[in-house]
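*Asks:*
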């Protein structure tokens, strides 16, 4: 998800053509997704990381 959002942040001109979406809407949506979906996932270990360090 993080990589997809970064790619969309870099290349979203096709969404603003013909006034389909506004720049403000795209920025707001990306900020929301990063704050509410990407950032919380960083607070938890990845399953492989858990297996490496916490699995007994």
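In UniProt numbering, the protein residues as written are 1 to 56.
We treat Cβ as the ideally placed atom computed from N, Cα and C, and that holds for glycine.
Check whether the Cβ atoms of residue 30 and residue 1 sit closer than 7 angstroms, and answer yes or no.
*Replies:* Numbered from its first residue, the chain shown carries residue 30 at position 30. Numbered from its first residue, the chain shown carries residue 1 at position 1. Taking 7 angstroms as the Cβ cut-off, residue 30 and residue 1 do not qualify as a contacting pair.
*Asks:* How big is the Cα-Cα spacing for residue 10 and residue 51?
*Replies:* Start at 1 with the first residue of the chain shown, and residue 10 comes out as number 10. Start at 1 with the first residue of the chain shown, and residue 51 comes out as number 51. Taking the straight line from one Cα to the other gives about 34 angstroms.
*Asks:* Let me know the secondary structure DSSP gives residue 45 once reduced to three states.
*Replies:* As a working mapping, residue 45 is identified with position 45 in the chain shown. Looking at residue 45 - three-state DSSP - the assignment turns out to be coil, as it is neither helix nor strand.
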